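Q:
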Amino acid sequence: MTAFARKQSHCGPAVLIWEIRSVNHRYLESGLRLPEALRTLESSVRDTLRKRLARGKVDCQLRIETEDQQDNSLKINAEMVTRLNNASGEILHLVGGGNPLSVMEILKWPGVLQESAALPDDLDAQAMALFNETLDDLIEARKREGQELFGFISKRVAAVREIVGQVRELMPEILSRQQQALKERLDALKVELEPTRLEQEIVIFAQKCDIDEELDRLESHLNEVERVLGLREPAGRRLDFLMQELNREA
14 MTAFARKQSH CGPAVLIWEI RSVNHRYLES GLRLPEALRT LESSVRDTLR KRLARGKVDC
74 QLRIETEDQQ DNSLKINAEM VTRLNNASGE ILHLVGGGNP LSVMEILKWP GVLQESAALP
134 DDLDAQAMAL FNETLDDLIE ARKREGQELF GFISKRVAAV REIVGQVREL MPEILSRQQQ
194 ALKERLDALK VELEPTRLEQ EIVIFAQKCD IDEELDRLES HLNEVERVLG LREPAGRRLD
254 FLMQELNREA
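Every number in the working numbering is 13 more than the matching position in the sequence shown, counting from 1.
Structure (structure tokens):
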């Protein structure tokens, strides 16, 4: 199901913003974009998605924005810079030369630059709570689309079932007309057949034109579609198969 959900919440000096998008997909496939400060949430987010969603291509993005970003300066993670510099020195010693890390290379390293505003200790817990709320909204949006599709498919099933009934009523007349047309063609060709042989040919022709078996299978597939629509579980793959079978019989 295609759906979108967005939620935000104040968390100390920051604002957490979750955005989740979902499109149709045969299996569950998730993509995550998390800020560096909350990279550790990846496993929990993926586990939650697996527990609550069965299929779909789901993209999740979490952003952290300060309430007044213009007034918040950046600070250097001195410990990280020291560790990077020491590691660079050890590598140069091991390989016997080379260029040390430049200032710009160090600044580009994840976690070296940090916003001066202190984030709360329970930031990860608040982020997961907000994620579940956002996922609730996404699931509700998917349910609404599912209800719309349910109504659409149900109407089509009813229309096809009505057509099948009309065809059944018309079949005796159609067969009679085709048999009469066969006799007229034989007469036009001046083909003389014994009455018994003519009856046999008409019976064979009628059997070739008989579509009762196809109509029975069509109705059987329609019944199965209605049954699957009533299930409280993912039914997309089964419905895909049934649509193919309906096309085959039609």
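For every residue, glycine included, the Cβ atom is placed at its ideal position computed from N, Cα and C. Quantities reported herein were computed from a predicted structural model and do not represent experimental measurements.
Which residues does DSSP pair with L235 in a beta bridge?
A: Answer is none; L235 lacks a bridge partner.
Q: Can you give the Cα-Cα distance for E262 and V177, rounded to whole angstroms?
A: Whole-angstrom Cα-Cα distance: 11 Å.
Q: Determine, using beta carbons only, whether M184 and I217 come nearer to each other than 9 Å.
A: It is not a contact, given that the beta carbons lie outside the stated cut-off.
Q: Looking at the structure shown, is H38 part of a helix, part of a strand, or coil, going by DSSP?
A: Note: H38 maps to coil in three-state DSSP.
Q: Just tell me which of R34, H23, P26 and G25 has its CA closest to the CA of L151.
A: For L151, the nearest C-alpha among the options comes from R34.
Q: Relative to the C-alpha of K264, which residue among V125, A100 and S115 is closest?
A: The displayed coordinates of the chain run from 14 to 263. Any statement about residue 264 would go beyond what the structure contains.
Q: On the DSSP letters alone, give me the boundaries of the alpha helix (DSSP H) that A64 sits inside.
A: The residue you asked about is not Ala; residue 64 is Lys in the sequence shown. Element bounds for K64: E55 to R65.
Q: Kindly identify the DSSP beta-bridge partner or partners of D72.
A: Per DSSP, R34 and G44.
Q: So, under 8 Å CB-CB, V241 and L231 are touching, yes? Tell me the CB distance rounded to an integer number of Å.
A: Contact flag wrong, Cβ pair sits at about 16 Å.
Q: Can you grab the Cα-Cα spacing for the pair D60 / S43, in whole Å?
A: If you take the alpha carbons of D60 and S43, they lie about 11 Å apart.
Q: For A100, count neighbouring Cβ atoms within 10 angstroms of its own Cβ and tell me buried if that reaches 16, exposed if not.
A: It is exposed - the Cβ of A100 has fewer than 16 other Cβ atoms within 10 Å.
Q: By DSSP, does K121 sit in helix, in strand, or in coil?
A: Note: K121 maps to coil in three-state DSSP.
Q: Here's the rule: buried if 16 or more other CB atoms are within 10 angstroms of the residue's CB, otherwise exposed. What is F254?
A: F254 is exposed by the Cβ-count criterion.
Q: Would L259 and V173 qualify as a contact pair, given that the criterion is a beta-carbon distance under 9 Å?
A: Going by C-beta atoms, L259 is nearer than 9 Å to V173.
Q: With a cut-off of 8 Å on the beta carbons, I'd call A140 and L54 a contact; round off their distance for me.
A: Between L54 and A140 the Cβ distance is about 6 Å, and since that is below 8 Å, they are a contact.
Q: Applying the 10 Å Cβ sphere with the 16-neighbour rule, what's the burial state of T147?
A: Buried: at least 16 other Cβ atoms inside 10 Å.
Q: DSSP three-state call for L126: helix, strand or coil?
A: Here L126 sits in strand by DSSP.
Q: Using only the alpha-carbon positions, how far apart do F165 and C73 sit?
A: So the two alpha carbons sit approximately 29 Å from each other.
Q: What are the boundary residues of the beta strand (DSSP E) that includes S22?
A: Note, S22: beta strand (DSSP E), A16 to C24.
Q: Note down, in chain order, each residue of its chain lying with its Cβ closer than 7 Å to the Cβ of E239, except the 5 sequence neighbours on either side.
A: The answer, listed in chain order, is V170.
Q: For A16, which residues in the same chain have their Cβ closer than 6 Å to its Cβ, ignoring the five residues on either side in sequence?
A: Excluding positions up to five away in sequence, the list reads S35, L151, A154 and R155.
Q: Suppose contacts are defined by Cβ-Cβ distances below 9 Å. Is F163 in contact with V58 by that definition?
A: Result no, Cβ atoms of F163 and V58 do not sit closer than 9 Å.
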